[in-house]
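>
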Amino acid sequence: MTSQVSSPAEQADGAVVGEQRRAAGAKDVRRLDRVIIRFAGDSGDGMQLTGDRFTSETASFGNDLSTLPNFPAEIRAPAGTLPGVSSFQLHFADHDILTPGDAPDVLVAMNPAALKANLGDLSRGAEIIVNTDEFTKRALQKVGYAVSPLEDGSLDGYSVHPVPLTTLTVQALADFSLSRKEAERSKNMFALGLLSWMYHRPTEGTEKFLRAKFARNGQIAAANIAAFRAGWNFGETTEDFAVSYEVAPAVSAFPPGVYRNISGNLALAYGLIAAARQADLPLFLGSYPITPASDILHELSKHKNFGVRTFQAEDEIAGIGAALGAAFGGALAVTTTSGPGVALKSETIGLAVSLELPLVVVDIQRGGPSTGLPTKTEQADLLQAMYGRNGEAPVPVVAPRTAADCFGAALEAARIALTHRTPVFLLSDGYLANGSEPWRVPELTELPDLKVAFAKGPNHTLADGSEVFWPYKRDPHTLARPWAVPGTPGLEHRIGGIEKQDGTGNISYDPANHDFMVRTRQAKIDSITVPDVEADDPDGASTLVLGWGSTYGPITAAVRRLRAEGVPVAQAHLRHLNPFPKNLAALLKTYDKVVVPEMNLGQLATLIRAKYLVDAHSYNQVNGMPFKAEQLATALKEAIDG
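Put into structure tokens, the structure is as follows:
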């Protein structure tokens, strides 16, 4: 995602835009503390690009923000149909926010399908900007409109702005030697210009972006910039928009530092690079493209200068096989995938457990089962990560809670993998992967030291006094075995999936040895040091809301709403799901009621009930979308009231 970098002090200067506009005697300017905007249209209308650009300019202005891209799985779904609608929602504010918002204040609908697919999410009084050029008889019939909603009174409860976006764009580009079809493609930039005027967004970054994006075709770059400016000028001059809005920078919401707008997948990629640098190891990614994880492969492939090697394999099995080979060779090894790919990688993950080599397995969860909902979000791979292998094959599990937190979660997954010589699951999801928010760029001094010591020579003395290398002689504190790089003289050892003898690493079918090795591998995972979980409980509540992963934002927003109404409620959020924090048992027992909201059918709740004998109450959603704060607040209030 293209991003801007600015500090809170620099962001405060963004308010100058509104002051200058008022001083110039422009239209009425109203101050708002927050706005939710949704751009919607066909997959080919450029809604994701439009939302991305509006987000980048909003980040540079200094607002806090959260986004929700939503698009079909098909590369180009049927034009003008409900399944083909692509949307991008942005929530920005002058204060700290946590979610992309529940109900849009503004909907930009590029065609009837976009209007019909999104109208139900709007509150009465919301503003709707419709591209009237697309409301043809044929387009209306495609989505079941017998009469245009612009004419039948069904939109009377909204503030509707009919704008012939396509016609205005073509007129603005009349001086360019473009076909009508080519000119029409810039209508999303016209819409972006109009919204940039309405909400006082900066424009320089978008124009710079367009020049760079279309650097090989100067006419296309100039045409898009012209359409963008025409949209801005239309807002400034037309009588249809009598009011513009100002949302001040959220300076007080950010600690001092340098900030940039970042998506979850980008933050995760940067976290892996940082981990490799802090470990002083080359980074190797063995991957097969899969939605919604492919962006990590794309990003890491750009960073050869940081010692990153990426391998796009022919399938999921080859991807993880190459990564495990790189781990054996002494690299920080990573494989990225989603749920279907995890199923294919399970045998090799079990091999990594047996070999006891560091490997980070990134699972960007999506709707399932099978192919399921490739572009929609879900949290339904937790039990797969915990138990989805044959035999007793325990693996640590780490889950980020926000898009920006994906950076820290990647560092933590690498720390555990390198320290304890084990594969580690990092469970993100489509909501975090594609969503974005401001991220404070950390100082180098804030990053952990992840350096590891490779085995250098013999580590065991036999009865006859001779010294040998035992590949499974463990560190007494971490239970990790030595990491011996192939080719190191004297460190020759046998690897493979057949059970190893304790210490020597020789093949062993001895029942007692197998029992010992199984229990030792489990003990190694159980002994991993993770921070205690903390409860946010200012009022001494009797009900605890326990979450994990991307539910953090909606849960926290819901908890804030309840507390504002005088309802006491406590909140705790888990980053480490295997092993659980050592204090979790004691924490859970201090509350009369524990509620676990999840985007699955109760997987964490099942684990909590089984391990701690706590009657955890599930609140579940599996519709491919993140929770809404108001929805959760209502459900939690009902749970508290019994």
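Under numbering that gives the first Met the number 0, the first residue of the sequence shown is numbered 0, with each subsequent residue one higher. Positions of the beta carbon are idealized from the N, C-alpha and C atoms, including for glycine. Since the model is a prediction, treat every value here as computed from it, not as a measurement.
Looking at the secondary structure, which residues open and close the alpha helix (DSSP H) in which Val352 lies?
Where Val352 is concerned, the enclosing alpha helix (DSSP H) stretches over 338-354.
> Could you tell me which uninterrupted alpha helix (DSSP H) segments, each at least 4 residues in length, are contained entirely in the region 284-329, listed from first to last along the chain?
If only complete runs of 4 or more residues are kept, the region 284-329 shows the alpha helix (DSSP H) at 293-299, 315-327, in order along the chain.
> Roughly how many whole angstroms lie between the Cα atoms of Asn648 and Gln500?
The structure shown does not extend to residue 648, since the chain is modelled only from 0 to 641, so the question has no answer here.
> From the DSSP output, which residues share a beta bridge with Thr335?
Val361
> For Ala628, collect the residues of the same chain with a Cβ closer than 7 Å to its Cβ; drop the 5 residues on either side in sequence, then sort them by chain order.
Thr98, Asp101, Pro553, Ala556, Ala557, Arg560.
> Drop a sphere of 10 angstroms on the beta-carbon of Leu381, count the other beta-carbons inside from all chains shown, and report buried for 16 or more, exposed for fewer.
buried
> Look up Asn130 in the DSSP assignment and give the residues it is bridged to.
Val162
> Along the chain, where does the alpha helix (DSSP H) containing Asp614 start, and where does it finish?
That residue, Asp614, is in no alpha helix (DSSP H); it is neither H nor E in DSSP.
> Hey, how far is the Cα of Ala226 from the Cα of Ala211?
The straight-line gap from Cα to Cα measures roughly 16 Å.
> Just the Cα atoms here: how many angstroms apart are Thr487 and Ala609?
46 Å
> Does Thr236 come out as helix, strand or coil in the three-state DSSP assignment?
helix
> Which ranges would you report for the beta strand (DSSP E) in the region 168-216 if only whole runs of at least 3 residues count?
Listed in chain order, nothing qualifies, since the region 168-216 has no complete beta strand (DSSP E) run of 3 or more residues.
> Anyone know if the C-beta pair for Val594 and Tyr618 falls short of 8 Å?
yes
> Determine the DSSP secondary structure at Lys375, reduced to helix, strand or coil.
Lys375: coil per DSSP, three-state reduction.
> Among Val250, Arg414, Asn264, which one has its Cα closest to the Cα of Ala275?
Arg414
> Gly367 to Val613, Cα distance in whole Å?
28 Å
> Can you tell me whether His419 is helix, strand or coil according to DSSP?
His419 falls in the helix class under three-state DSSP.
> First and last residue of the alpha helix (DSSP H) that includes Pro393?
Run containing Pro393: none; DSSP gives neither H nor E here.
> Taking 8 Å as the threshold (C-beta atoms), are Ile127 and Leu106 in contact?
With respect to the 8 Å criterion, Leu106 and Ile127 are classified as neighbours on the basis of their beta carbons.
> Which residue from Met197, Gly230, Phe175, Leu194 puts its Cα closest to that of Asn216?
Phe175
> Going by DSSP, which residues form a beta bridge with Tyr244?
In DSSP, Tyr244 forms a bridge with Arg29.
> Assuming Ile295 and Pro395 are in contact, meaning their beta carbons sit under 8 Å apart, how far apart are those beta carbons, in whole angstroms?
Not a contact, Cβ separation roughly 20 Å.
> Leaving out five residues before and five after Leu606 in sequence, what residues of the same chain have Cβ atoms less than 7 Å from its Cβ?
none
> Is it true that the region 252-261 meets the region 284-303, where meeting means three or more beta-carbon pairs spaced less than 8 Å apart?
no
> Pull up the CB-CB distance for Val544 and Leu635, whole angstroms please, since I reckon it's below 8 Å.
With a Cβ gap of about 6 Å, Val544 and Leu635 count as contacting.
> In the DSSP output, which residue or residues are listed as bridge partners for Glu466?
Thr460
> In angstroms, rounded to a whole number, what distance separates the CA positions of Val423 and His575?
11 Å
> Given a threshold of 16 other Cβ atoms within 10 Å of its Cβ, counted over all protein chains shown, does His668 qualify as buried or as exposed?
Outside the displayed span of the chain (0 to 641) sits residue 668, for which this structure offers no information.
> Is the region 355-370 touching the region 313-325 in the sense that three or more CB pairs, one from each, lie closer than 8 Å?
yes
> Just the Cα atoms here: how many angstroms apart are Arg200 and Ala522?
55 Å
> In the structure shown, what three-state DSSP assignment does Phe53 receive?
helix
> CB-CB under 7 Å to Ala241, same chain, minus the five flanking residues each way: which ones, in chain order?
Lys26, Asp27
> Ala402 and Glu436 - do their beta-carbons sit closer together than 8 Å?
yes
> From Gly623 to Thr80, what does the alpha carbon distance come to, in whole angstroms?
19 Å
> With C-beta atoms as the reference, is Val361 less than 8 Å away from Leu267?
Going by C-beta atoms, Val361 is nearer than 8 Å to Leu267.
> For Gln383, name the three-state secondary structure that DSSP assigns.
In this structure, Gln383 counts as helix in the three-state DSSP scheme.
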